[in-house]
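Notes for the one structure printed next.
Number of protein chains: 2
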Amino acid sequence: MSISVFIVDDHYMVIEGIRSLLQYEKSIELIGHAMSGSSCLAFLKNRLPNVILMDINLPDVSGIDLCKEVKEKYPSVFIIGLSTFNQKSFVQRMMDNGASGYVLKNASADELLESVQAVVKGKTYMSFEAARSLKSGSDNKFVVTRREKQVLELIAEGMTNIDVAKKLGISATTVDTHRRNLLFKFSAKNTAELVKLAMLNKIIGD
Amino acid sequence: MSISVFIVDDHYMVIEGIRSLLQYEKSIELIGHAMSGSSCLAFLKNRLPNVILMDINLPDVSGIDLCKEVKEKYPSVFIIGLSTFNQKSFVQRMMDNGASGYVLKNASADELLESVQAVVKGKTYMSFEAARSLKSGSDNKFVVTRREKQVLELIAEGMTNIDVAKKLGISATTVDTHRRNLLFKFSAKNTAELVKLAMLNKIIGD
DNA sequence: TGGGAAATCCCTTAAAAAGGGGATATCATT
DNA sequence: AATGATATCCCCTTTTTAAGGGATTTCCCA
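Residue numbers (the numbering used here), protein chains in the order written: chain R, 5 to 210; chain D, 5 to 210.
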């Protein structure tokens, strides 16, 4: 019995690349692709693959969130995170949300194939690089809470503590506390560095 | 005579995707690929393609800089920018540095083929989306001077005006002036927004 | 159900940035 | 030779942030 695979990625070239890498593999059947989180969920209503190769950067929702949603609705589906980024926090959060594997986009055909075959057996598969960044003792892991992330986004838009406070309907001192905690978590000397680090680590978006 | 094409992209899946999209096209011959700017330059010493498909995000240098360097050394090569980003400043700078075209990574096989065939005829090819963002009246093009860029980078590293002043061997008031000018140029309300915009537009690096 | 993290709120002081007004020297390009 | 952009320097005031010290509630998870 062949393994059915579904691809979620917003870049046509990547979809085509995966298709090309896997096409000669008889044990794998590509049953389709989606270029957004919503169209992925729409597809899954009709048909469930064994494995989903899921980009973590999607136009509508993050792959990290999508992973969680899919896993809640369809626990039997195995999800492999797919990304150009090799940062501990991403890998970590993807795995926390139920992914069975994580493969970098510069992976070879062998690696991709191996990952698919591993996860359907219930195993966990990690790109070598991804595994390394997971194990790496260094705490590249910037964990921010929902509220902190909101504050961070507004700060990066040029808002002062007072602006953010009004926007969120809370006190300015509370915003300040969040800001401090963020500075501490990122080991940032000031807001400028904080914003830089947050963007580098894709905590806040484009 | 067939068109020789060389690919520069650090993601194996994208390379494979392009290969797959172009493989049945007899008029095009893929002569190789590189996954970094340096290996691209190394390749070009031995053989020149007609067209280079060049990602703007590379591990060692930005595609924007690489484009300039390649065009200076080998003016006869046509370069097509390749990116997931559809921002005016990127497209603009890529074209300023001698690119003949700009194609988004979610382009179809037809679009990709069309772009290659257009540029070898000396034409300019733009993805519809890329062309649209170029035409969009808003001047997203942030021009900063060398000194301003230096100041910006140091600020984003968490330095205060005084720190930057010491580092660059100039007065703190001068740094402050640069900072003001930067705020004005970016229409940023404060440093946080300035850093965000600078990173979004790749004025300062990762 | 109890502990811990998250989120909320407050005070104070010093440092830094924002914003206003300027000025001068240099250097390239016209 | 003149113009304009770049880079340098200085004054001032107000606003905002940084950093120090606290506190209370809410809510999730073990």
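Note that CB positions come from ideal geometry on N, CA and C, so glycine has one too.
- Around the CB of D:Ile19, 16 or more other CB atoms lie within 10 Å, so the residue is classed as buried.
- As summarised for the segment 145-201 of chain R, the continuous alpha helix (DSSP H) elements at least 4 residues long and confined to that stretch are 150-160, 165-172 and 176-190, given in chain order.
- For R:Asp59, the secondary structure class from DSSP, reduced to helix, strand or coil, is strand.
- Boundaries for D:Leu25: no beta strand (DSSP E) harbours it, while the alpha helix (DSSP H) harbouring it runs Tyr16 to Leu26, taken from the DSSP string.
- The Cβ atoms of D:Gly85 and D:Gly102 lie no closer than 8 Å to each other.
- For R:Ala38, the three-state secondary structure derived from DSSP is strand.
- With respect to chain R, the C-beta atom of D:Ala122 has no partner C-beta closer than 8 Å.
- Here R:Met130 is bridged, per DSSP, to R:Tyr106.
- Listed along chain D are His15, each with a C-beta nearer than 7 Å to that of R:Thr88.
- The beta carbon of D:Leu198 is closer than 7 Å to those of Leu186, Leu187, Phe190 and Ala192 in its chain, skipping five residues each way along the sequence.
- Contact of R:Met203 with chain D is assigned, a C-beta pair being separated by under 8 Å.
- The segment 168-176 of chain R makes no contact with the segment 10-17 of chain D, as fewer than three CB pairs between them are under 8 Å.
- When only Cα atoms are considered, R:Pro79 and D:Cys71 end up about 46 Å apart.
- Interface annotation, D:Ser66: not in contact with chain R, CB-CB separation never under 8 Å.
- The beta carbon of R:Asn185 sits no closer than 8 Å to any beta carbon of chain D.
- The alpha-carbon of R:Asn61 is positioned some 15 Å away from that of R:Met99.
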